[in-house]
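Enquirer: Chains as they are written, first to last, in my numbering: chain A, 63 to 339; chain B, 87 to 715.
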Amino acid sequence: MESSIKNKISVAVSLFTAVILVTFLSCSTDETQTVTNFTNLTMADEFDLPGTPDPAVWGYDIGTGQNGWGNNELQYYTDRSENIIVEDGMLKFTVRQESFEGSNYTSARVLTRGKFEQKHGRFEARIQLPWGQGIWPAFWLLGDDSNGTEVWPQIGEIDIMENRGQEPTIVGGAVHGPGYSGGTAISKPYELENDRFDTGFHVFGVEWGENYINYYVDDVLYNQITPADVPGEWVFNDDFYIIMNVAVGGSYVGSPNASTVFPQEMLVDYVRVYSAE
Amino acid sequence: MKNTSLIQIKRTFVLGMVLVLALGCERDLTDDAIPATFAKVGDIFTDDFVSMGSDFYFPFGGSKLDAFSVDTEVGYESSASYRIDVPNSDDPAGNYAGAILRVDGSGRDLSGYDALTFWAKASRGVSIDAVGFGQDFLDNKFQVNASNLSVGTNWSKFTIPIPDASKLTEERGLFWYAAGTQATGGSGYVIWLDEIKFENLGNIAHPRPAILNGSNVIEETFSGATIALTGLTQTLNLASGVNQEVTISPNYFAFTSSNTSVATVSELGIVDIVGGGEAVITATLDGIDAEGSLNITSLGDFNPAPVPTVEASSVISIFSDAYTNEPVDYYNGYWAPFQTTQGQNDIQINGDNIIKYSELNFVGIQFAVDVPTIDVSQMTHFHIDIQVQGDIDPGDFLQVKLQDIGADNAFGGTDDSDDELTLTNTTLVSNSWVSIDVPISDFPGLTSRSNLAQVVFISDATITDVYVDNIYFYEISAEPTDAAPTPTVPAANVISIFSDAYANVAGTNLNPDWGQGTAVTEEAIEGNNALKYSGLDYQGILLGSAQDVSGMTHLHIDYFTANSTALNAFLISSGPIEKAKALTVPSATGWTSLEIPLADFNPVDLADIIQLKFDGNGDIYIDNIYFHN
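1) Go through its chain and collect everything with a Cβ distance to B/I696's Cβ below 7 Å, but skip five positions before and after it.
2) In chain order, what are the residue ranges of uninterrupted beta strand (DSSP E) at least 3 long that sit wholly in the segment 292 to 367 of chain B?
3) At least one CB of chain A closer than 7 Å to the CB of B/A325: is that the case?
4) Run the CB neighbour count on B/R210, radius 10 Å, all protein chains shown included, and call it buried at 16 or more, exposed below.
5) Quick one: grab the DSSP three-state call for B/A251.
6) Figure out for me which residue from A/V268, A/W296, A/I220 and A/D331 has the closest Cα to the Cα of A/W202.
7) Kindly list, in the order they appear in chain B, the residues whose Cβ is closer than 8 Å to that of A/P230.
8) Just the C-alpha distance for A/A187 and A/D260, rounded to the nearest angstrom, thanks.
9) For a contact defined as C-beta to C-beta under 9 Å, what are the partners of A/D331 on chain B?
10) Apart from the five residues on each side of it in sequence, which residues of its chain come closer than 8 Å, Cβ to Cβ, to B/Q602?
11) Alpha carbon to alpha carbon, how far is B/S213 from B/P35? Give it in angstroms, no decimals.
12) Pick from B/D501, B/S679, B/A666 and B/W677: whose alpha carbon is nearest that of B/L698?
13) So which residues on chain B does A/S313 lean against when the C-beta distance must stay under 8 Å?
14) So, does the CB of A/R258 fall closer than 7 Å to a CB anywhere in chain B?
15) In angstroms with no decimal places, state the Cα-to-Cα distance between B/S399 and B/P392.
16) Can you pull the chain B neighbours of A/T261, defined as C-beta to C-beta under 7 Å?
17) Looking at the unbroken beta strand (DSSP E) that takes in A/W198, where does it start and where does it end?
18) Below 8 Å, can you find three or more Cβ-Cβ pairs linking the segment 436 to 454 of chain B to the segment 510 to 522 of chain B?
19) Taking the beta strand (DSSP E) that A/R188 belongs to, which residues open and close that run?
20) Looking at C-alpha atoms only, which residue of A/M105, A/Q228 and A/G271 is the closest neighbour of A/R258?
21) For A/W214, return the contacting residues in chain B, with the cut-off set at a CB-CB distance below 9 Å.
22) B/V351 and B/F341 - do their beta-carbons sit closer together than 7 Å?
23) Chain B beta carbons: is any one of them nearer than 7 Å to that of A/S321?
24) Among A/T156, A/G176 and A/K177, whose alpha-carbon lies nearest the alpha-carbon of A/Y167?
25) If we call anything under 7 Å between Cβ atoms a contact, is B/F339 one with B/L371?
26) Which runs of the beta strand (DSSP E), 3 residues or longer, sit entirely within the segment 235 to 279 of chain A?
27) Pair every Cβ in the segment 700 to 712 of chain B with every Cβ in the segment 575 to 584 of chain B, then say whether three or more of these pairs are closer than 8 Å.
28) With DSSP run on the structure shown, which of helix, strand or coil describes B/W205?
29) So which residues on chain B does A/Q195 lean against when the C-beta distance must stay under 8 Å?
30) Measuring straight from C-alpha to C-alpha, what distance separates A/D206 and A/T114?
31) Measuring straight from C-alpha to C-alpha, what distance separates B/D551 and B/G363?
32) Among B/F144, B/W600 and B/H469, whose alpha-carbon lies nearest the alpha-carbon of B/G555?
33) For B/L279, name the three-state secondary structure that DSSP assigns.
34) Taking all protein chains shown into account, decide if B/G266 is buried (16 or more other Cβ within 10 angstroms of its Cβ) or exposed.
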């Protein structure tokens, strides 16, 4: 019962935020812009039940993937409570410097693949980021691979939030698709003035429709990506699932160094997904 | 400390009154009057000085006083900046640039800021030695130093985080810097600074305070010892991702002792050992636990080395609290790669500084590179107090080596000389002080003593833990420089044999021919006659008449000798019956005044004293030989 009341309140808040966003959009885009309000809550995890993350929603990537998940990342992902646990109303990722299965760091990566997938909508999470050289937290979406018939980047990737731990005031949002993936992804950074992402919670989200993806942090819309912005096929009209993880090292951030403090934590207060009415 | 804070409270109160009175026309003075607050201006220099008053520039002594100017052509997004012309290292007006900027008037309230920021560039890429704030040439209460700031040739912004802004409610020391040419090979350069100000950036986070540089230091010590906590730092993560460390004053911390019956710690981080036992000193900064701790094991009371008695004018001291010490390069050079020895002059017990060496294999005290060598050619003796901790086994040794580097004043070449004293278990005593006093002639290999450069201790790890104190050279001159002390006993109580102060026994022969080799002369020292026995074997004094001294209690003798190693004084009565009294030689420096109880001469007949006699060796000065009661 409690959670449903909370959900209603959140919906109202989101609605308010959405109105603000609409205002922004109407100012910054042309008159022919299609506006959709995503107000129908389709998934929410408030992380109120201590223990392991809700298995109905979250699965895990374990290990080091291929070539460090394609990025020469240094961590070993586990599903141990030392690395991932629901505690104090938060989903808590803990990045540790420890020798484990041949890696020097452990962390966690959770995903809703096969448990919750959705085409279009509003995806947002309230997160306090970890910090330090070589720490790479991310909240992102990957396209369904249509039973293995499609591979990345054809499946599409929407990065709602990525951060380099050595840049505590900057996050980025990006899309990856055929012809614009990896180093040529379409992306834009957003910098906080007089604040930072690792000392408090911030809401990171996208509003994703048929021909656009709007990126926002808290109540600030900072980017819109449309088919006109990408040099290849628009591959974002399909079911996508959610991934949250904290990587260590790799080509995007570089390795940790002596100044990096361990352990590091990423705290997620909630993840909420809405669809259009 | 109590007094200081009271004064501060008073001052604050007075200012508070003034402010309230100024508001008086609008409302009455009430109990709600709040303490005074101070100007919250953050700007220091933006194209020109901001609210600094007129008298705010205070260069460091030894720096080039006029190294600063306001540049009216160069500025960050402007045409004015704070310009520092760092002088060449050989500039006679000063070999570095350094100053504090202290607001002229009341301090500022900086509690709403989180950083000192400024834009800077330099005429060449340089590392500025130190920049910070909180230095006011008064108490430097909340000093912050950022070291080795890398400044390039283009304008860039620098951020020096405030360790705990709540402390800075009345700060006058707003900015300071020191820049030299050690890293530029002695060449001067220019630094331009602009928009120097305090800011509330809001993006400085993750404070990690530390004491003792974050180490958990273990210290074995004694009651009465004083240990100053060092390595006080705060590290904050800047928006740039840089972990900026600053060295800060103790006033930012709250220190705690886990056991105040063993150790107490002051607001200034001074740890006083007050008893035996164990205690851990930790600290917090703004409620956050500091990394690092001092883990004390106190062994209780400490027995200090004997206080030296040699007159300061005859001493050249390397290390002693009894004298003014010569400057040294170091008390431990940590000579790589083979030296294991730790420790230096870091023990202070009841105000007495002591060198503690541990893990000793070899270690040196040096005075040669940054300080002058020491000329000990006029000195005749060497003194050192040594206490070995732990057992001393047969075969264990401790060498004390003196190294002179000769007239070229440089290590190497053909004029270096050295020699060492080897101490073993026949001299050294476990856990007790041993005072070594040896003539320089015990170092025959030390052929030059005008450019002494090192005192080196070598044990090859046979002895590993030692305390060392009172390392000094001293001169025992061959003849006394002063007259013997003038006697003060009333003449009525005296029977005098040899003294200018009294009528002596008439007819006394000071040089009876008893077949001795001793040469006897009378020497006037500062107008006072003394007897001099040169090349003493034995020497008599034949009294003009037999004396009854049974009514007297003591025989007084003043004596001086720089080179005697044996000296006895005899009283002789008819028979003859004689009895010797050994005198301590050589006398330290100056005259030794001795009062020998006449009972010590039993069985000599005190009613019938006919002669005195001395035997031994060396050259002896004697004066004021008299009986008294």
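Where a beta carbon is used, it is the ideal one built from N, C-alpha and C, also for glycine.
Expert: In terms of the structure at hand:
1) Here the question's residue 696 of chain B lines up with position 610 in the second sequence. Excluding residues within five positions, the ones whose Cβ falls inside 7 Å are L629, A632, I658, S659 and S660.
2) Whole beta strand (DSSP E) segments, 3+ residues: 302 to 307, 312 to 314, 319 to 323, 329 to 334, 340 to 343, 349 to 351 and 356 to 359.
3) Within the second sequence, the letter at position 239 stands for residue 325 of chain B. Using a CB distance cut-off of 7 Å, B/A325 counts as an interface residue toward chain A.
4) Taking the first residue of the second sequence as position 1, residue 210 of chain B is located at position 124. Exposed, by the Cβ-count rule.
5) What you label residue 251 of chain B is simply residue 165 of the second sequence in a count that begins at 1. DSSP places B/A251 in helix when its eight states are reduced to three.
6) Taking the first residue of the first sequence as 1, we reach residue 202 of chain A at position 140. Checking every option, the nearest Cα to that of A/W202 belongs to A/I220.
7) Working through the first sequence from its first residue, we reach residue 230 of chain A at position 168. Residues of chain B whose Cβ lies closer than 8 Å to the Cβ of A/P230 are, in chain order, N289, A291, N323, A325 and G327.
8) Sequence index remark: in the first sequence, residue 187 of chain A carries index 125 (1-based). Sequence index remark: in the first sequence, residue 260 of chain A carries index 198 (1-based). Answer to the nearest angstrom: the Cα atoms are 15 Å apart.
9) Position 269 of the first sequence, counting from 1, holds the residue named residue 331 of chain A. Near A/D331 there are no residues of chain B at all, since even the closest Cβ is about 19 Å away, more than 9 Å.
10) Numbered from 1 along the second sequence, position 516 holds the residue referred to as residue 602 of chain B. Correct list, in chain order: D623, Y624, Q625 and G626.
11) Absent from the structure is residue 35 of chain B, since the part of chain B shown begins at 87 and ends at 715.
12) The residue you call residue 698 of chain B lines up with position 612 of the second sequence. When only C-alpha atoms are compared, the closest one is B/A666.
13) For this step, residue 313 of chain A is matched to residue 251 along the first sequence. Within chain B, no C-beta atom comes less than 8 Å from the C-beta of A/S313; the nearest is roughly 17 Å away.
14) For this step, residue 258 of chain A is matched to residue 196 along the first sequence. Chain B contact via Cβ: present.
15) Residue numbering aside, residue 399 of chain B sits at position 313 when the second sequence is read from its first letter. Residue numbering aside, residue 392 of chain B sits at position 306 when the second sequence is read from its first letter. Going by the C-alpha atoms only, they are around 19 Å apart.
16) The sequence position of residue 261 of chain A within the first sequence is 199, counting from 1. Under the 7 Å cutoff, chain B gives A291.
17) For the purposes of this step, residue 198 of chain A is identified with residue 136 of the first sequence, where counting begins at 1. Taken as a continuous stretch (DSSP letters only), the beta strand (DSSP E) holding A/W198 covers I197 to G205.
18) Output reads no: the segment 510 to 522 of chain B does not touch the segment 436 to 454 of chain B.
19) The sequence position of residue 188 of chain A within the first sequence is 126, counting from 1. Element bounds for A/R188: G183 to Q190.
20) Position 196 of the first sequence, counted from the start, is the residue given in the question as residue 258 of chain A. Closest option to A/R258, Cα to Cα, is A/Q228.
21) By one-based count along the first sequence, residue 214 of chain A stands at place 152. Neighbourhood of A/W214 in chain B, by CB distance below 9 Å: empty, with the nearest CB roughly 29 Å away.
22) Taking the first residue of the second sequence as 1, we reach residue 341 of chain B at position 255. Taking the first residue of the second sequence as 1, we reach residue 351 of chain B at position 265. Yes, they are a contact pair.
23) Your numbering for residue 321 of chain A matches position 259 in the first sequence. For A/S321, the answer is yes, since a Cβ of chain B falls inside 7 Å of its Cβ.
24) On the first sequence, position 105 is the one that residue 167 of chain A refers to. With distances taken between Cα atoms, A/Y167 lies closest to A/T156.
25) By 1-based counting over the second sequence, the position of residue 339 of chain B is 253. By 1-based counting over the second sequence, the position of residue 371 of chain B is 285. Their beta carbons are under 7 Å apart, which means B/F339 touches B/L371 by this criterion.
26) The segment 235 to 279 of chain A contains these whole beta strand (DSSP E) runs: 248 to 253, 264 to 271 and 274 to 279.
27) Under the Cβ criterion (8 Å, minimum of three pairs), the segment 700 to 712 of chain B counts as touching the segment 575 to 584 of chain B.
28) Residue mapping note: residue 205 of chain B aligns to position 119 of the second sequence, counting from 1. B/W205 falls in the strand class under three-state DSSP.
29) Numbered from 1 along the first sequence, position 133 holds the residue referred to as residue 195 of chain A. Result: G327.
30) For the purposes of this step, residue 206 of chain A is taken as the residue at position 144 of the first sequence. For the purposes of this step, residue 114 of chain A is taken as the residue at position 52 of the first sequence. Just so you know, the alpha carbons of A/D206 and A/T114 end up roughly 25 Å apart.
31) What you label residue 551 of chain B is simply residue 465 of the second sequence in a count that begins at 1. What you label residue 363 of chain B is simply residue 277 of the second sequence in a count that begins at 1. If you take the alpha carbons of B/D551 and B/G363, they lie about 21 Å apart.
32) Residue mapping note: residue 555 of chain B aligns to position 469 of the second sequence, counting from 1. A small fix is needed here, since residue 555 of chain B is Asp in this sequence, not Gly. Cα-wise, what sits closest to B/D555 is B/H469.
33) Here residue 279 of chain B refers to the residue found at position 193 when the second sequence is read from its first residue. Look at B/L279 here: in three-state DSSP terms it is strand.
34) Taking the first residue of the second sequence as position 1, residue 266 of chain B is located at position 180. In summary, B/G266 is buried, with 16 or more beta-carbon neighbours lying within 10 Å of its beta-carbon over all protein chains present.
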